[in-house]
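Counted from 1, the sequence shown has number 1112 at position 329 by this note's numbering; the numbering is strictly sequential.
The next block holds one structure in the form of structure tokens; read it before the comments.
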Amino acid sequence: MTARVLVSGASVAGPVTAYWLAKRGFEVTVVERNDDLRLGGQNIDITDAARDIVEMMGVRGAIEEQHTGEKGLRFVDKDGETAGSFPVDKKGSLTREIEILRGDLVKILVEANPQGVDYRFGNSIEKLDDNGEDVSVTFADGSQENFDLVIAADGMNSATRRLVIGKGDHEDYLGCWSSYFTIPRYDRDNDWWNWYTASNGIIAFLRPDNDGTIRASVNFLNDDDDPDRMSLSDKKEILTERLRGAGWECDRIADDLVDVDDIFLGPLHQIKAGRWSRGRCALTGDAAYCPTPYTGMGTTLAIIGSYILANEIAGHDDHEKAFAEYERKFRPFAEKSQKLWPGVPDLAYAESDLKVHLINLGAGLAASTPVQKFISLFDDEGEDKNEFELPQYEPENA
């Protein structure tokens, strides 16, 4: 059908979409706002049918080689004592079979793209004019080009989404902010995902990486769902104020922030777009169905959804039918994956010593041998089976 496709965003969904479109014979251009690949970020995991897709892409081995070495999840108290631990093979552990730094995964996916995929950095889509025959794209640098299709894969805060389906009421604010950044690793650090709940309303994580540093995350409840643009200094000030005197390693994290230059800080939204396409333009990944880190499904959904979208485009002469099939086949799983347990995320936060005690007590109980044995009775022999069954597509062209 169509020949030229523009993909906006070079994180996970964008390179996966570009890979499969190029393999099916399309001419693909990927435009990325940043001046280079964004190789920072936190530990992410790949589960369900996404594991099969990276296997088909020939990159599963490379991904597994970049495993962070995380042993599992451990809840700690203000003195650093373990309240409950969940090794990777234990029920309740949020550490998965394939754990990798976001930046490492992005690099692997981009390098796997066939020759001919055109990556353009330091530019973005400013305007879309869908005339029915093709899409005239105006870029931020003032240049213009025509493409047969445009795919928005530029994340939770996608600017392209608004150009495709309008601003709408797509964002479901979860009432909290999250931050991610890299700090030095000390001798006392370990290879566990350490989870600390403080009585001042913050949750702090320290997680290992395979670069000899530690990935930190500080999360807190906040009513502001649309903050003004923050400078690096602003972010440090906000985080430091909440960390000081909060117990455990919080003062250490605040001290380390002085030299940090890779802070992400902002509100968390789930994206629940009522439609994933309009005309010759479509959405994929977080731009369409961001589930937030509370589900642990963001990367998995991005990989599966982008695989389906690209192959439906390749399998139909009519782009509207392709987009409709993509949505029909994938929306139920995406929406199911966005569902949170009642009270989440509020229940995870504490503003009293009593609630901290109850959270840690619950973690210890869940990690106990009797509870683990009880849970295992309902586990299908411990097998980590795919919930989503991948559609079967024609073999790639190249």
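Where a beta carbon is used, it is the ideal one built from N, C-alpha and C, also for glycine.
Can you grab the Cα-Cα spacing for the pair residue 930 / residue 921, in whole Å?
Within the sequence shown, the letter at position 147 stands for residue 930. Within the sequence shown, the letter at position 138 stands for residue 921. C-alpha separation (whole angstroms): 11 Å.
Ordered along the chain, which non-local residues of its own chain (more than five positions away) have a Cβ less than 8 Å from that of residue 853?
Within the sequence shown, numbered from 1, the residue matching residue 853 stands at position 70. Closer than 8 Å at the Cβ level, and outside the excluded window around residue 853, lie 826, 871, 878, 882, 974, 975, 976, 990 and 991.
Taking one C-beta from the region 1039-1047 and one from the region 1065-1084 each time, how about it: are there three or more such pairs within less than 8 Å?
no
Write down every uninterrupted run of the alpha helix (DSSP H) in the region 794-872 whose length is 4 residues or greater and which is fully enclosed by it, in chain order.
796-806, 833-839 and 843-848
Do you know whose CA, among 939, 863, 800 and 796, lies nearest residue 1074's CA?
Counting from one through the sequence shown, the residue named residue 1074 turns up at place 291. If we check each option's Cα against that of residue 1074, 939 comes out closest.
Closest by C-alpha distance to residue 1087, when choosing among 815, 819 and 840
Numbered from its first residue, the sequence shown carries residue 1087 at position 304. Considering only alpha carbons, the answer is 840.
For residue 1116, I'd like the list of residues in its chain whose CB is within less than 6 Å of its CB, leaving aside the five on either flank, ordered along the chain.
Taking the first residue of the sequence shown as position 1, residue 1116 is located at position 333. Only 1171 meet the Cβ criterion.
Report the start-end ranges of each beta strand (DSSP E) in the region 980-1008 that is 3 residues or longer and not cut off at the edges.
985-991 and 996-1004
Helix, strand or coil at residue 884 according to DSSP, with G and I counted as helix:
On the sequence shown, position 101 is the one that residue 884 refers to. Three-state result, residue 884: strand.
Integer-rounded CB distance, given that residue 962 should sit under 8 Å from residue 884:
To locate residue 884, count along the sequence shown from 1; it is residue 101. To locate residue 962, count along the sequence shown from 1; it is residue 179. With 8 Å as the limit, residue 884 and residue 962 do not qualify as a contact, their Cβ atoms being about 16 Å apart.
What separation, rounded to the nearest whole angstrom, lies between the Cα atoms of residue 1096 and residue 851?
By one-based count along the sequence shown, residue 1096 stands at place 313. By one-based count along the sequence shown, residue 851 stands at place 68. Between residue 1096 and residue 851, the C-alpha separation is close to 35 Å.
Enclosing alpha helix (DSSP H) for residue 1112 [first to last residue]:
In the sequence shown, the residue the question calls residue 1112 occupies position 329. Where residue 1112 is concerned, the enclosing alpha helix (DSSP H) stretches over 1102-1120.
Return the residue from the list 796, 811, 835 and 792 that minimises the CA-CA distance to residue 1167.
Taking the first residue of the sequence shown as 1, we reach residue 1167 at position 384. Of the listed residues, the one whose Cα sits closest to residue 1167 is 835.
Is the region 899-910 touching the region 800-819 in the sense that three or more CB pairs, one from each, lie closer than 8 Å?
yes
Ordered along the chain, which non-local residues of its own chain (more than five positions away) have a Cβ less than 7 Å from that of residue 928?
As a working mapping, residue 928 is identified with position 145 in the sequence shown. Excluding residues within five positions, the ones whose Cβ falls inside 7 Å are 920.
Between which residues of its own chain and residue 890 is the CB-CB distance below 8 Å, once the five residues before and five after are set aside?
Taking the sequence shown and counting its residues from 1, the one referred to as residue 890 is at position 107. Answer for residue 890: 820 and 822, listed in chain order.
Backbone CA spacing between residue 951 and residue 831 [nearest angstrom]
Taking the sequence shown and counting its residues from 1, one reaches residue 951 at position 168. Taking the sequence shown and counting its residues from 1, one reaches residue 831 at position 48. About 31 Å.
Run the CB neighbour count on residue 1152, radius 10 Å, all protein chains shown included, and call it buried at 16 or more, exposed below.
Looking up residue 1152 in the sequence shown gives position 369. Classification for residue 1152: exposed.
Inter-residue Cα distance where the pair is residue 1028 and residue 1001
Within the sequence shown, residue 1028 is the residue found at index 245, counting from 1. Within the sequence shown, residue 1001 is the residue found at index 218, counting from 1. Taking the straight line from one Cα to the other gives about 14 Å.
Assuming residue 956 is part of the beta strand (DSSP E), what are its boundary residues?
As a working note, residue 956 is residue 173 in the sequence shown. Run containing residue 956: 954-967, per the beta strand (DSSP E) assignment.
For the beta strand (DSSP E) containing residue 789, name the first residue and the last one.
Start at 1 with the first residue of the sequence shown, and residue 789 comes out as number 6. 787-791 is the span of the beta strand (DSSP E), which, as asked, contains residue 789.
Roughly how many whole angstroms lie between the Cα atoms of residue 913 and residue 1148?
Here residue 913 corresponds to residue number 130 of the sequence shown, with the count starting at 1. Here residue 1148 corresponds to residue number 365 of the sequence shown, with the count starting at 1. Cα to Cα, the separation comes out at about 57 Å.
Quick check: what's the CA-CA separation for residue 1144 versus residue 866?
Here the question's residue 1144 lines up with position 361 in the sequence shown. Here the question's residue 866 lines up with position 83 in the sequence shown. So the alpha carbons of these two residues sit roughly 7 Å apart.
On the criterion of 16 or more Cβ atoms from any shown chain inside 10 Å, does residue 1110 qualify as buried, or is it exposed?
If you number the sequence shown from 1, residue 1110 lands on position 327. With 16 or more Cβ atoms within 10 Å of its Cβ, residue 1110 is classed as buried.
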